[in-house]
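Quick note on numbering: UniProt numbering labels position 124 of the sequence shown as 124, and the sequence is numbered without any gaps.
Every residue, glycine too, gets a C-beta built ideally from N, C-alpha and C.
All values reported here derive from a predicted model rather than from experimental measurement.
The structure under discussion appears below in the form of structure tokens.
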Amino acid sequence: VPYFEACIWILIGLITGSFVNVCIDRLPLQFADKEMRSRLLKSSELSPLLKNHVQDRTLTLIKPTRSFCFYCGHQLRWFENVPLLSYILIKGHCRTCKAALGPRLFWTEIMHGLWYGIFGWLFQNWIWSLFAGINFSFLWILAYCRSHQQVRIKLYYAGGVLMAVNFMVYFFIRK
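Structure follows, in structure tokens:
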């Protein structure tokens, strides 16, 4: 039974890792200052779709709801969004423009699957596994977004709230 639960946690970790990649890609753009937005709008490598989102400040974690290639604007279909499997099948490149997606996408999903599986196997308690996984994901995002001042400030506030929730849950459940 612990191995089955660990496999479920690995699957949850892969899915979470996929969302963490969205956070890492979008948060710096969502909170970009005027200078960074200006540089992005002048870039010849980025798609008109991404430039429109940056200019209009409409790129958030939940909008647009579907992922897209930052280079050509190709909106990913459901089968291109399957964690880890899609990256392997499309060989780390956009299916439309063949732009490299980079190894970070792959390694973020692998590490999340691995660590969530380890948390599930070690704790054998869904609430502690979940909290360990959320903390791991939060720290992963913070590590990648550390150079973006506005993102870092917001993540520190969210981290403080997360720590407070961790302590409250620990003390209430411990009894």
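**Message:** Suppose you measure from the CA of Q55 to the CA of V165; what does that come to, to the nearest Å?
**Reply:** Here residue 55 refers to the residue found at position 55 of the sequence shown. Here residue 165 refers to the residue found at position 165 of the sequence shown. Approximately 36 Å between the Cα atoms of the pair.
**Asked** Roughly how many angstroms separate the alpha carbons of K42 and N52, rounded to a whole number?
**Response** Residue numbering aside, residue 42 sits at position 42 when the sequence shown is read from its first letter. Residue numbering aside, residue 52 sits at position 52 when the sequence shown is read from its first letter. Those two C-alpha atoms are separated by around 12 Å.
**Request:** Would you list the one or two residues that DSSP bridges to F171?
**Result:** Along the sequence shown, read from residue 1 onward, the residue named residue 171 stands at position 171. F171 is not bridged to any residue.
**Request:** Indicate whether T96 and N21 have their beta-carbon atoms separated by less than 8 Å.
**Result:** As a first step, residue 96 is located in the sequence shown; it is residue number 96 there, counting from the start. As a first step, residue 21 is located in the sequence shown; it is residue number 21 there, counting from the start. No; because the gap between Cβ atoms is not below 8 Å, this pair is not in contact.
**Request:** Report the three-state DSSP secondary structure of A6 (helix, strand or coil).
**Result:** Position 6 of the sequence shown, counted from the first residue, corresponds to residue 6. Helix.
**Request:** Look up H93 in the DSSP assignment and say whether it is helix, strand or coil.
**Result:** Residue 93 sits at position 93 when you count from the first residue of the sequence shown. Three-state result, H93: strand.
**Prompt:** Can L14 and G113 be called in contact, C-beta distance under 8 Å?
**Reply:** Mapped onto the sequence shown, residue 14 falls at position 14. Mapped onto the sequence shown, residue 113 falls at position 113. Yes, they are a contact pair.
**Item:** Closest residue to I10 among S129, G117, V169, Q124 (Cα-Cα distance)
**Value:** Taking the first residue of the sequence shown as 1, we reach residue 10 at position 10. The closest CA to that of I10, considering only S129, G117, V169, Q124, is found on G117.
**Asked** Contact between the region 32-47 and the region 152-171: three or more CB pairs below 8 Å?
**Response** no
**Message:** Looking only at its chain, what residues have a beta carbon closer than 7 Å to the beta carbon of F70, apart from the 5 residues adjacent to it on each side?
**Reply:** Start at 1 with the first residue of the sequence shown, and residue 70 comes out as number 70. So the qualifying residues of the chain are L46, S47, L50.
**Item:** Pairwise C-alpha distance: Q124 and P2
**Value:** Locating residue 2 in the sequence shown gives position 2, where the first residue counts as 1. Locating residue 124 in the sequence shown gives position 124, where the first residue counts as 1. Computed Cα separation, rounded: 7 Å.
**Item:** Which of helix, strand or coil DSSP assigns to F31
**Value:** Position 31 of the sequence shown holds residue 31. In this structure, F31 counts as coil in the three-state DSSP scheme.
**Prompt:** For the candidate residues T58, I127, P83, whose alpha-carbon lies nearest to that of E5?
**Reply:** Position 5 of the sequence shown, counted from the start, is the residue given in the question as residue 5. Of T58, I127, P83, the residue nearest in Cα terms is I127.
**Helix, strand or coil at residue 185 [DSSP, three-state]** = The structure shown does not extend to residue 185, since the chain is modelled only from 1 through 175, so no value can be given for it.
**Message:** Using 8 Å as the threshold, is the C-beta distance between A100 and C72 below it?
**Reply:** Along the sequence shown, one-based indexing puts residue 100 at 100. Along the sequence shown, one-based indexing puts residue 72 at 72. Judged by beta-carbon spacing, C72 lies beyond the 8 Å limit of A100, meaning their Cβ atoms are not closer than that value.
**Sequence-distant residues of the same chain with beta carbon closer than 6 Å to V151, five excluded per side** = Within the sequence shown, the letter at position 151 stands for residue 151. Hits under 6 Å: L27, P28, F31, C145.
**Message:** Please return the same chain residues whose Cβ sits closer than 8 Å to the Cβ of G92, not counting the five positions on each side in sequence.
**Reply:** Indexing the sequence shown from 1 puts residue 92 at position 92. So the list reads A100, L101, G102, P103, L105, F106, once near-sequence residues are dropped.
**Asked** Where do the N-terminal and C-terminal ends of the alpha helix (DSSP H) with A99 fall, by residue?
**Response** Here residue 99 corresponds to residue number 99 of the sequence shown, with the count starting at 1. For A99, there is no enclosing alpha helix (DSSP H), as DSSP marks it with neither H nor E.
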